[in-house]
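Colleague: Going by my numbering, the sequence shown opens with residue 21, and the numbers climb by one from there.
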Amino acid sequence: MKLETGNWKLETSNQQRATRIVMTKKRILIIEDEANMRHMLEVLLRGAGYEVNDLGSDVSPEQIVASVREEKPDILGLSALLTTTMVAMRETIDSLTQAGLRDKVKVIIGGAPTSAEFANEIGADGYGADAFHAQRIAEELMQASRG
C-alpha cells in the first residue's frame, strides 16, 4: 500500500511486513541575481522540503537547459533584477521548448521588473512577487501536478 500526502510518502509491504516513511524530494533549480534574495529563497524552499540547486547569477539559457536536462528539477525559478535581463527569461523558456524539456519542468519567474502579466506573456507557469510568494506558487504548482 502507498499513501502520499504533501512531502511524505507512507509505504507498507505485505511481503516484508514493514512500514517506512520517506520524505519525497521536490527538486528546484534557481537562478537569482541578488545574493540576499537567493539566500532567503533557498532557506524557504529547503524548509518546505525542496532539494535546491542554486546556479547563481549570469547563467546563459544554454547552461540552464543543460542543467534542467541533467538534474531533472520539478521547478525552475528565474529572477531578473533589471529589465535588460528579462529578455533572457523568454530566451530560456524558448530554449527549453526547443530542447523538448518545457513540458517536463514548471517555470516560475520573479524579480523587481517582472509581473504576472509578463509571466503569462513569456509562457511561464507562475510569478512570485517575493520569496514567500514564490514558495507558495511552487507548492501550488506541485500540488496541481500531483492531481
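Even for Gly, the Cβ is constructed at its ideal location relative to N, Cα and C. What you are looking at is a predicted structure, and each value in this text was computed from that prediction instead of being measured.
Measure the C-alpha to C-alpha separation of residue 52 and residue 74 and round it to an integer number of angstroms.
Modeller: Taking the straight line joining both Cα atoms gives about 8 angstroms.
Colleague: What's the C-alpha gap between residue 104 and residue 134?
Modeller: 11 angstroms
Colleague: Helix, strand or coil: which one does DSSP assign to residue 63?
Modeller: helix
Colleague: Residues in the same chain with beta-carbon distance under 8 angstroms from residue 121, minus the five sequence neighbours each way, listed in chain order, please.
Modeller: 85, 88 and 89
Colleague: Please identify the residue among 150, 161 and 117 whose C-alpha is closest to the C-alpha of residue 62.
Modeller: Comparing Cα-Cα distances from residue 62 to each of 150, 161 and 117, the minimum goes to 150.
Colleague: Hey, how far is the Cα of residue 39 from the Cα of residue 46?
Modeller: Annotation note: pLDDT 42 at residue 39 (below 50); position unreliable, no value reported.
Colleague: Pick helix, strand or coil for residue 114, following the three-state DSSP scheme.
Modeller: helix
Colleague: State the Cα-Cα distance for the pair residue 66 and residue 163, rounded to the nearest angstrom.
Modeller: 17 angstroms
Colleague: Excluding the 5 residues flanking residue 98 on each side, which residues of the same chain have their C-beta closer than 7 angstroms to its C-beta?
Modeller: 51, 109, 112, 127 and 129
Colleague: Do you know how far the Cα of residue 159 is from the Cα of residue 41?
Modeller: Per-residue confidence for residue 41 stands at a pLDDT of 46, beneath the threshold of 50, marking its modelled position as unreliable; the derived number appears in the next sentence. Using only the alpha carbons, I get a separation of about 21 angstroms.
Colleague: For the beta strand (DSSP E) that residue 47 lies in, which residues bound it at each end?
Modeller: Residue 47 -> beta strand (DSSP E) spans 46–51.
Colleague: Looking at residue 131 and residue 154, is the spacing between their C-beta atoms short of 7 angstroms?
Modeller: no
Colleague: In the DSSP assignment, the alpha helix (DSSP H) including residue 141 goes from what residue to what residue?
Modeller: 136–142
Colleague: Rounded to the nearest angstrom, how far is the Cβ of residue 72 from that of residue 96, given a contact under 8 angstroms?
Modeller: Not really, about 12 angstroms apart at Cβ, beyond 8 angstroms.
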